[in-house]
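Step one of this worksheet: look at the structure below.
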Amino acid sequence: MRSLAVFSVKGGVGKSALAVNLAHAAATLSARRTLLWDLDTQGAATYTLRLSARPDASARKGIAEGELGPLIQASDFPGLDVLAADKSLRQLEKQLADDKAKRLKKLVKSLDQDYDRVILDCPPGLTELADQVFRAVDLLVVPMLPSPLSMRAYDQLVDHLAKHHKGSAPAILPVFTMVDRRKALHAATIAAAPERATIPYAAAVEAMAATQLPVLVKAPKSPAAAAFRALWTDVERLLTRVA
Ligand SMILES: Nc1ncnc2c1ncn2[C@@H]1O[C@H](COP(=O)(O)OP(=O)(O)OP(=O)(O)O)[C@@H](O)[C@H]1O
Ligand SMILES: [Mg+2]
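For the sequence shown, the numbering used here begins at 438 and goes up steadily by one.
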C-alpha cells in the first residue's frame with residue numbers, strides 16, 4: 438500500500454478536485470484498490486462522488502477508536518471506496534492536539550491489507566492534523582495557483598517539513614492548478630518552474646460540483662482529463678519509487 442495526501446496551506450486551490458480525480462484514476466487507470474479518505478468536514482470530495490456520511494457516523498470517533506471499517510463505503514466506481522467526511526471532523530483538531538502524534542499514521546498503516554492506494558483529501562492549513570498527515574503518508578501532492586504568493590506559501594511548507602519532519606518527511610509533488618496561460622502572471626510563474634505539473638483552469642473541473650462525476654468520466658477527451666491522466670502517471674511513478 439502507498440499513501441498520498443492532497444494538501445495545501447491555502448484554501449480553495451483545487452485540493453478536493455485533485456483528490457477525487459486522482460483517486461478515480463488510481464482505481465480505473467491503474468486498477469489499484471483505492472480508498473479516498475475525506476478529512477475535510479466540508480465534505481467536498483465525498484459529495485463529488487455522490488456519497489454522504491451515514492446518519493450516525495462519527496469519523497472523529499472512528500479515528501479515536503481505530504475503527505475505520507464501518508465508516509468506509511463503496512463508490513459508484515469499481516475499486517474506489519470512500520471514507521466520508523462528517524461534521525464530527527470539526528472536533529478533530531482538538532482531539533489530535535491531545536492525542537498520540539502518530540495516531541493517523543497508524544490508522545493509514547492499518548489499511549494496507551485492504552488497499553493499494555490511500556488518498557487523503559485534507560482541509561487547508563498548517564494545523565495539528567497537517568502534522569499528523571505529514572507523518573502518515575508517502576507523498577504530498579500540493580496544488581497551488583501559479584502566483585508568487587502561492588509559491589511563497591509552498592516554500593513555507595517545504596521549510597516546515599525540513600524543520601519539523603526532518604528525516605521522515607514525505608516526498609512532495611507541487612502542482613500548478615487553475616492555470617490560465619493567457620494571464621501574464623501565470624505564464625511568468627510557470628516559465629520559472631517549467632518542469633512542474635499543471636492542471637488547466639477548466640469548465641470541466643468546475644462542473645464536477647454539478648455533475649458529481651470525475652473529469653475522466655464526464656469529459657474524458659478534455660485537456661483537463663489529459664492533465665489529470667498525466668499527473669496520475671507522475672504520482673504512480675513517485676509512489677512506486679518510495680520505499
Ligand atoms: N482546474 C480547475 N478549473 C476550474 N475550476 C476549478 C479547478 N479546480 C478546482 N476548481 C473549482 O474551484 C473551487 C475550489 O476547488 P476545490 O474545492 O477543489 O479546492 P480546495 O482546495 O479543496 O478548497 P478547500 O480549501 O475549501 O478544501 C471549486 O468550485 C472547484 O470546482
Ligand atoms: Mg477541499
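C-beta atoms are modelled at their ideal positions from N, C-alpha and C, and glycine is treated no differently.
- In the assembly as shown, K452 is a buried residue. Its beta-carbon has 16 or more other beta-carbons within 10 Å.
- For D523, the closest of A534, P560, Y552 by C-alpha to C-alpha distance is P560.
- The nearest non-hydrogen atom of ligand 2 is 8 angstroms or more from the C-beta of Q550.
- Taking non-hydrogen atoms of ligand 1 into account, the C-beta of V642 is found less than 8 angstroms away from one of them.
- By DSSP's assignment, Q510 forms a beta bridge with V519.
- D493 counts as exposed, since fewer than 16 other beta carbons sit within 10 angstroms of its beta carbon.
- Contact between A573 and L541 is confirmed by a C-beta separation of about 4 angstroms, below the 8 angstroms threshold.
- Note on geometry: alpha-carbon atoms of A468 and R491 lie some 27 angstroms from one another.
- Per DSSP, reduced to three states, the secondary structure at M588 is helical.
- Cβ-Cβ distances below 7 angstroms link F514 to H461, A464, T465 in the same chain, with the five nearest sequence neighbours on each side left out; the list follows chain order.
- Sequence-distant partners of A511 (beyond 5 residues in either direction) whose C-beta falls short of 6 angstroms from its own C-beta, in its chain, are D518.
- Within the same chain, Cβ atoms closer than 8 angstroms to the Cβ of L576 are found at R439, S440, L441, A442, P607, A608, I609, L610, V672, L675, L676, V679, the five residues on either side in sequence being excluded.
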